Each structure stands twice: as structure tokens, then as C-alpha cells.
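Take the sequence shown: its letter number 74 is residue 223 in my numbering, and every next letter is one higher.
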Amino acid sequence: MGTVRRIHPHAEDDPDIAAAYAYPRDHWLRLNMVASADGAAWVEGHSEGLSGRADKRIFGLLRGLADVVLAGAATVRTEGYRPARPRESWRAPREGRPPVPPIAVVTRLLDLDLGGPLFTEAEPYARTIVITTEAAPKDRRDEAADKAVLIVAGDDRVDLATAVEELRGLGLGRILCEGGPRINAQLAAAGLVDELALTVSPLLAGGDAARILDGVASRTPLTLAQVLEEDGFLFCRYLREAHDEAAG
150 MGTVRRIHPH
160 AEDDPDIAAA
170 YAYPRDHWLR
180 LNMVASADGA
190 AWVEGHSEGL
200 SGRADKRIFG
210 LLRGLADVVL
220 AGAATVRTEG
230 YRPARPRESW
240 RAPREGRPPV
250 PPIAVVTRLL
260 DLDLGGPLFT
270 EAEPYARTIV
280 ITTEAAPKDR
290 RDEAADKAVL
300 IVAGDDRVDL
310 ATAVEELRGL
320 GLGRILCEGG
330 PRINAQLAAA
340 GLVDELALTV
350 SPLLAGGDAA
360 RILDGVASRT
370 PLTLAQVLEE
380 DGFLFCRYLR
390 EAHDEAAG
């Protein structure tokens, strides 16, 4: 197994990864994505083909640092999401908080398996959160409210700004969004993204895979705050320019 090293803004072998990804503020929204060198967000429909050992370690660490993990319904279904499980390595960064962050799923019409493990296996202190709309069938909303924490944010489409405020109202201000590309694009267009944690995989994928943002065009100027490397994988931390004072 290789060793993670920092190559920007200064060289350092075996840096403290938890410190490298520490949240600068209690209210912060971080996107975490992996992409091939040519920009593909998946291989054969899944992100697994782009990942590596260090990427999986950092993926786990970022979950441990977060108050809540946010994902779109398509990502939850495709990647087979289950509740997060406690890790010994999370004990220190989660001191004073529940052992794991809850998963929050964005779904316009509640087309989820509410009887699946994501809902039935979640611990009471980290119940899965469902963020949906008034357009979702009432019987589905009632079932979701029974099996999860229900947030209704928007009439026909999920209002992500409202959703983020609702999460903060639950004390979940450090939000880690794991995609997919469509919800990423919506968050960026709404001006809600504070940070992008991007793993660049040493792979050319080609094909018709989406980029990490797939949706309405928007511009979010970023500052490159940090680059780590292991086995050819690059782990880039970009901050929205308005927050670049927090890069250190």
C-alpha cells in the first residue's frame, strides 16, 4: 500500500488527513466526488471502477467528519446505500456527536424502497432522512414519516436551499454531499456549494458518463486549497473563492 503525501500547497509525507479535511465552519456544504482523468463520473454506471484504496479511506474519513451525508435517490439506488456504521477511527472526530452521521436522501416523488436496509437498519440516533416535495404521493409521505425523518422542501421540485436550512435546523450543519451529478449541479446553481473534494483517478474512461455536475450551467469560482497524492490518484480540495480565507 502506498503512502498519502501532500504536494500542494507544500510538500509533506504522511500528513494528518483528518486535519487536512477539517471543516472550517459549522455550516459548510462539501461535495465529494471521484472522476476519471477525462472527467467521467462513473464506469459502467458505478463510481466503484474509479476508486482506489486511498480514495476509499478518504471517503470514509469524510463521512466521519460530517454531521450528515446527503445523496440523490438515483445514487442511493445505484450504489446500494446502507446506514453508516461506527468506526474506531471516527471516535475522536465525532466526540460529542452520535457515532455515525445519518444519510439524507433527496427524492422528488419518494421512489425509494422504504422497506430496505437504509431505513430498517438505521440506528435511532441516526435515522435516515428523506427530503421530498408536496408532489410526492401523500401515502408515500406518510410511510416515509413513519420510517424516517421527513423533510418536505418545495412543491413540485425539491428546494435545496430550504432543505439545507432544514438540516441545519436539526443541528446538521456540516453537510457532505456524495452526489450524484444531478444534485451536485442543482446545489452549485443554487450557490450552496462551499467546497469540492475531488478525487482524480488515473484512468481514461471515455463513453457517455456524466461529469460530476450534470444539469443547468452555472459558474462557481474555486480556489485550489490542497492536493494529496497516492498511487497516481490525486485528492484535490477546492474552496469556493468567497471562502478561500479558510483554506489554511
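Just so it is clear, CB atoms sit at the ideal spot from N, CA and C, and this is done for glycine as well.
Computed from a predicted structure; not experimentally measured.
In the DSSP annotation of this structure, the continuous segment of the alpha helix (DSSP H) that includes residue 225 starts and ends at 222-228. The three-state secondary structure of residue 274, taken from DSSP, is helix. Taking C-beta atoms under 8 angstroms as the contact rule, residue 280 and residue 255 qualify, at a distance of about 5 angstroms.
Here DSSP, grouped into helix, strand and coil, assigns residue 166 to helix.
Boundaries of the beta strand (DSSP E) harbouring residue 252: 252-255, taken from the DSSP string. Taking C-beta separations shorter than 6 angstroms and ignoring five residues to either side along the sequence, the partners of residue 247 in its chain run 274 and 275, following chain order. With contacts defined by Cβ atoms closer than 7 angstroms, residue 278 and residue 251 form a contacting pair. For residue 317, the CB contacts under 7 angstroms within the same chain, skipping 5 residues up- and downstream, are 176 in chain order.
When beta bridges are read from the DSSP output, residue 183 appears opposite 348.
The Cβ atoms of residue 287 and residue 263 do not sit closer than 7 angstroms to each other. In the three-state reduction of the DSSP assignment, residue 374 falls in the strand class.
Uninterrupted beta strand (DSSP E) stretches at least 3 residues long and entirely within the stretch 292-364 occur at 298-301, 323-326 and 344-350, given in chain order. By alpha-carbon distance to residue 307, the top candidate from 259, 238 and 322 is 259. Counting along the chain, the unbroken alpha helix (DSSP H) around residue 211 starts and ends at 202-214.
Under the three-state reduction of DSSP output, residue 368 falls in the coil class, being neither helix nor strand. Assigned with DSSP and collapsed to three states, residue 388 falls in strand. In this structure, the CA atom of residue 237 is about 14 angstroms from the CA atom of residue 211. The shortest C-alpha to C-alpha distance from residue 305 to any of 322, 330, 285 and 381 is the one to 285. Boundaries for residue 195: no beta strand (DSSP E) harbours it, and the DSSP string shows neither H nor E there.
When secondary structure is reduced to three states using DSSP, residue 155 falls in the strand class. Annotation for residue 335: 309 and 364 place their beta carbon closer than 7 angstroms to its own, counting only its chain and skipping 5 residues before and after. Secondary structure at residue 263: coil, using DSSP grouped into helix, strand and coil.
Taking 7 angstroms as the cut-off, the Cβ atoms of residue 227 and residue 328 do not count as close.
Taking the Cα of residue 370 as reference, the smallest distance to any Cα among 388, 216 and 257 is reached at 388. Apart from the 5 residues on each side of it in sequence, residue 163 sits with its Cβ closer than 8 angstroms to the Cβ of 152, 153 and 154 in its chain, given in chain order. If you draw a straight line from the Cα of residue 203 to the Cα of residue 165, it is about 13 angstroms long.
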